[in-house]
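Participant: Before I ask anything, let me first share the structure, which is written out below as structure tokens.
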Amino acid sequence: MDGLTKIDDLGQPRVVIVGGGFGGLALAQSLAKVPVQVVLIDKHNYHAFQPLLYQVATAGLAPDNIVAPFRKVLGKQKNFYFRLAEVQAIDATAQVVETTIGLLRYDYLVLATGATSNFFGDKMMQEYAVTLKSVSDALELRNTLLANFEQALQLGDQEQLNSLLDFVIVGGGPTGVEMAGALSELRANVFPQDYRELDLKQMDIHLVQSGPVLLKGMSAEASAQSLADLQAMGVQVWLNARVKSYDGYTATLNTGEKLVTRTLIWAAGVTGAPVAGLSAECLGPGNRYLVDEHNRVMGYDNVFALGDIALMKAAAYPDGHPQVAQPAIQQGRLLGANLAHLLAGQLMQPFEYSDKGSIATIGRNRAVADLKLFGREYHLGGFPAWVAWSLVHVLALVGYRSRIGVAFTWAWNYWSQDKGLRYIIGQVKSEPVVDAGATAGKAIS
């Protein structure tokens, strides 16, 4: 039974791709001229550029700057079909996937479901922390951030006030570092104008990293520079520390230190998002599918996995490739070529990751970059690294509209030192603070 009856049968092998992230989108595009039917399934109807979610969360970019509808990006591809749904299970024997809108037959199945936040079994942390894995997360965080300051104008109790103005970021990777830098810039350049009644010296930004360095995986120079820049911007960095518990109000570190905050941003770790139905033996550490050098899931001939959900062990990457965009994109493109080889009765080519380096921004004219070009490594910091970061991210966006929009917005933000998208639309994470006694005293006379 094929529940998606409105998908035409082209009489060609059907490639079903689950997830339209970097890997899934790259694969769909690479199959444009291959004699197959491409069906992409995703719970959203757009591709989101996740590296810039933090800028949506801090009012630097609008959501439509970093999203691209699948039907717009791939609409001219004659063999492409999209369905808005979630995949619930896989029946590898019958070669069907069960979705929220019915069953779908496949000849080749590609899992590109990505990763989700890993709270390491901490239920309270999962309930109260704010994550940054989707556009919805970014909007909720922006709403919460701005709503906290609006509430703070009405409070007189100092501890309650601090709980709204202070922020704790867990995780010293690129997301945590960039988020801390963006909040610091809001504190320095934007909030003093918007909230003149508040003493912004009371706004504390804490970045908690469990290891001894920030930006683990980048060079020692990049780690040291990012730490120095954040500290110069007034961010309190806690190295070799972790948040032991969080109840929505107090974050307790393993050192015994207690940080009062109503906004804890979780950027500490991820775990794979596998789909039910495949054998337990094909799952490796981190809930990632074990794949061979062709991205084929172990134990299956026609099931593949890409990107964050795929664990491909290689000599240079014994624990798998980094869970970032470039490995996913490169795997998607190669798998598209390999499926064409497979249909033609030719040998598939093994995947070899071409590491172009890593880059992270801290703030205005502050960034770090480890670039690998023409067989050499280059370490940049400060303004040159910031320019490189900006160019890399603009060029990596999907579609000219997004590239032009982001470039223009960044140019305006740089010139004005302002972030104009400071509006609250939708839900917030934290509950309203009740302080009736102070409200009367803080009212505008």
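Take the working numbering: the final residue in the sequence shown is number 461, and no numbers are missing along the way.
Note that the Cβ used here is the ideal one computed from N, Cα and C, for glycine as well.
With a threshold of 16 other CB atoms inside 10 Å of the CB of Trp-254, please say whether the residue is buried or exposed.
Facilitator: What you label residue 254 is simply residue 238 of the sequence shown in a count that begins at 1. Flag for Trp-254 reads buried.
Participant: With the cut-off set at 7 Å, would you say Thr-425 and Leu-77 are in Cβ contact?
Facilitator: Stepping through the sequence shown from its first residue, residue 425 is reached at position 409. Stepping through the sequence shown from its first residue, residue 77 is reached at position 61. Their beta carbons are under 7 Å apart, which means Thr-425 touches Leu-77 by this criterion.
Participant: What's the gap between the Cα of Ile-106 and the Cα of Leu-350?
Facilitator: Numbered from its first residue, the sequence shown carries residue 106 at position 90. Numbered from its first residue, the sequence shown carries residue 350 at position 334. In a straight line, the C-alpha of Ile-106 is about 24 Å away from that of Leu-350.
Participant: Between the alpha carbons of Ile-117 and Ser-406, how many angstroms are there, rounded?
Facilitator: Stepping through the sequence shown from its first residue, residue 117 is reached at position 101. Stepping through the sequence shown from its first residue, residue 406 is reached at position 390. Going from the Cα of Ile-117 to the Cα of Ser-406 covers about 40 Å.
Participant: What residues are listed by DSSP as bridge partners for Ala-267?
Facilitator: Working through the sequence shown from its first residue, we reach residue 267 at position 251. DSSP lists Tyr-262, Leu-275 as partners of Ala-267.
Participant: Using only CA atoms, which one of Arg-392, Val-52, Ala-154 lies nearest to Asp-80?
Facilitator: Here residue 80 refers to the residue found at position 64 of the sequence shown. Taking only the C-alpha atoms, the option nearest Asp-80 is Ala-154.
Participant: Counting along the chain, where does the alpha helix (DSSP H) carrying Gly-187 start and finish?
Facilitator: In the sequence shown, counting from the first residue as 1, residue 187 sits at position 171. Gly-187 -> no alpha helix (DSSP H), and no H or E assigned at all.
Participant: Look at the Cβ atom of Asn-303, then the Cβ atom of Pro-290, and state whether they are nearer than 7 Å.
Facilitator: Here residue 303 refers to the residue found at position 287 of the sequence shown. Here residue 290 refers to the residue found at position 274 of the sequence shown. Yes, Cβ-Cβ distance for Asn-303 and Pro-290 is below 7 Å.
Participant: Please give me, in chain order, every unbroken run of the alpha helix (DSSP H) with length at least 4 that falls completely inside the segment 344-420.
Facilitator: Fully enclosed alpha helix (DSSP H) runs of 4 or longer: 398-412.
Participant: First and last residue of the alpha helix (DSSP H) that includes Phe-165?
Facilitator: Looking up residue 165 in the sequence shown gives position 149. Run containing Phe-165: 151-168, per the alpha helix (DSSP H) assignment.
Participant: Out of Gly-398, Lys-88, Val-72, Ala-75, which one is the CA nearest neighbour of Leu-41?
Facilitator: For the purposes of this step, residue 41 is identified with residue 25 of the sequence shown, where counting begins at 1. Of Gly-398, Lys-88, Val-72, Ala-75, the residue nearest in Cα terms is Lys-88.
Participant: Could you compute how far the alpha carbon of Glu-102 sits from the alpha carbon of Tyr-316?
Facilitator: Taking the first residue of the sequence shown as 1, we reach residue 102 at position 86. Taking the first residue of the sequence shown as 1, we reach residue 316 at position 300. Their backbone Cα atoms lie some 22 Å apart in a straight line.
Participant: Taking 7 Å as the threshold (C-beta atoms), are Asp-263 and Met-364 in contact?
Facilitator: Along the sequence shown, read from residue 1 onward, the residue named residue 364 stands at position 348. Along the sequence shown, read from residue 1 onward, the residue named residue 263 stands at position 247. Not a contact, by the Cβ cut-off of 7 Å.
Participant: In terms of alpha-carbon separation, which member of Leu-161, Asn-381, Val-83 lies closest to Val-206?
Facilitator: Taking the first residue of the sequence shown as position 1, residue 206 is located at position 190. For Val-206, the nearest C-alpha among the options comes from Leu-161.
Participant: Does the segment 275-293 come close enough to the segment 166-183 to have 3 or more Cβ pairs within less than 8 Å?
Facilitator: yes
Participant: Three or more beta-carbon pairs under 8 Å between the segment 59-76 and the segment 382-402, yes or no?
Facilitator: Cβ pair count under 8 Å is below three, so no.
Participant: Kindly indicate which three-state DSSP category Ser-242 falls into: helix, strand or coil?
Facilitator: As a first step, residue 242 is located in the sequence shown; it is residue number 226 there, counting from the start. DSSP places Ser-242 in the helix class (H, G or I) of the three-state scheme.
Participant: Should the segment 202-219 be called in touch with the segment 230-243, which here means at least 3 C-beta pairs below 8 Å?
Facilitator: Taking a contact to require three or more Cβ pairs closer than 8 Å, the segment 202-219 and the segment 230-243 do not qualify as touching.
Participant: Using only alpha-carbon positions, find the residue among Gln-45, Gly-36, Ile-420, Ala-385 that is nearest to Ala-236.
Facilitator: Here residue 236 refers to the residue found at position 220 of the sequence shown. Ranked by Cα distance from Ala-236, the first of Gln-45, Gly-36, Ile-420, Ala-385 is Ala-385.
Participant: Residues in its own chain within less than 8 Å of Gln-339 by CB, not counting five upstream and five downstream?
Facilitator: The count along the sequence shown starts at 1 and reaches residue 339 at position 323. Closer than 8 Å at Cβ, skipping near neighbours: Ala-131, Val-286, Gly-323, Asp-324.
Participant: Skipping 5 residues on each side, what residues in its chain have a beta carbon closer than 7 Å to that of Ile-420?
Facilitator: Looking up residue 420 in the sequence shown gives position 404. Closer than 7 Å at Cβ, skipping near neighbours: no residue.
Participant: Got a sec? Which residues, its chain only, sit under 7 Å from Gly-336 by beta carbon, not counting five neighbours each side?
Facilitator: In the sequence shown, the residue the question calls residue 336 occupies position 320. Hits under 7 Å: Arg-304, Leu-327, Met-328, Lys-329.
Participant: Under 7 Å, do Ala-267 and Val-193 count as touching if we go by C-beta distance?
Facilitator: Position 251 of the sequence shown, counted from the start, is the residue given in the question as residue 267. Position 177 of the sequence shown, counted from the start, is the residue given in the question as residue 193. Contact flag unset, no.
Participant: Output the distance between the C-alpha atoms of Ala-360 and Asp-371, rounded to the nearest integer angstrom.
Facilitator: If you number the sequence shown from 1, residue 360 lands on position 344. If you number the sequence shown from 1, residue 371 lands on position 355. Roughly 30 Å between the two C-alpha positions.
Participant: Nearest to Leu-230 by CA position, among Gln-247, Asp-215, Ala-401, Lys-217, is which residue?
Facilitator: Taking the sequence shown and counting its residues from 1, one reaches residue 230 at position 214. The option with the nearest alpha carbon to Leu-230 is Gln-247.
Participant: Kindly give me the distance between the Cβ atoms of Val-151 and Val-72, rounded to whole angstroms, as I take these residues to be in contact under 8 Å.
Facilitator: Here the question's residue 151 lines up with position 135 in the sequence shown. Here the question's residue 72 lines up with position 56 in the sequence shown. Confirmed, Cβ separation roughly 7 Å.
Participant: By a C-beta neighbour count over all protein chains shown, 10 Å radius and 16 as the cutoff for buried, is Ile-441 buried or exposed?
Facilitator: One-based indexing of the sequence shown puts residue 441 at position 425. Exposed is the call here.
Participant: Mapping the DSSP letters down to three states, classify Leu-437 as helix, strand or coil.
Facilitator: Indexing the sequence shown from 1 puts residue 437 at position 421. In the structure shown, Leu-437 sits in coil (DSSP, three-state: anything other than H, G, I, E or B).
Participant: Quick check: the Cα distance between Gly-227 and Asn-256, rounded to an integer number of angstroms?
Facilitator: As a first step, residue 227 must be located in the sequence shown, where it is residue number 211. As a first step, residue 256 must be located in the sequence shown, where it is residue number 240. If you take the alpha carbons of Gly-227 and Asn-256, they lie about 5 Å apart.
Participant: Taking the C-alpha atoms as reference points, what is the distance between Val-251 and Asp-220?
Facilitator: As a position in the sequence shown, residue 251 is number 235, starting the count at 1. As a position in the sequence shown, residue 220 is number 204, starting the count at 1. The straight-line gap from Cα to Cα measures roughly 7 Å.
Participant: Along the chain, where does the alpha helix (DSSP H) that runs through Gln-209 open and close?
Facilitator: As a first step, residue 209 must be located in the sequence shown, where it is residue number 193. Counting along the chain, the alpha helix (DSSP H) containing Gln-209 begins and ends at 207-210.
Participant: At what residue ranges does the segment 29-91 contain a whole run of the beta strand (DSSP E), taking only runs of 3 or more?
Facilitator: For the segment 29-91, whole beta strand (DSSP E) runs of length 3 or above, ordered along the chain, are 30-34, 53-58, 62-64, 83-85.
Participant: Would you list the residues sitting across from Ile-106 in a DSSP beta bridge?
Facilitator: Counted from its first residue, the sequence shown places residue 106 at position 90. The partner list for Ile-106 (beta bridge, DSSP) reads Val-113.
Participant: Among all the DSSP beta bridges, which residues are the ones paired with Gln-484?
Facilitator: Since the first residue shown for the chain is 17 and the last is 461, residue 484 is missing from the structure and cannot be characterised.
Participant: Name the DSSP beta bridge partners of Thr-129, please?
Facilitator: Taking the first residue of the sequence shown as position 1, residue 129 is located at position 113. In the DSSP output, where bridge partners are listed per residue, Thr-129 has none listed.
Participant: Tell me the DSSP secondary structure of Leu-462 in three-state form.
Facilitator: Lying outside 17 to 461, the shown extent of the chain, residue 462 is not represented and no answer is given.
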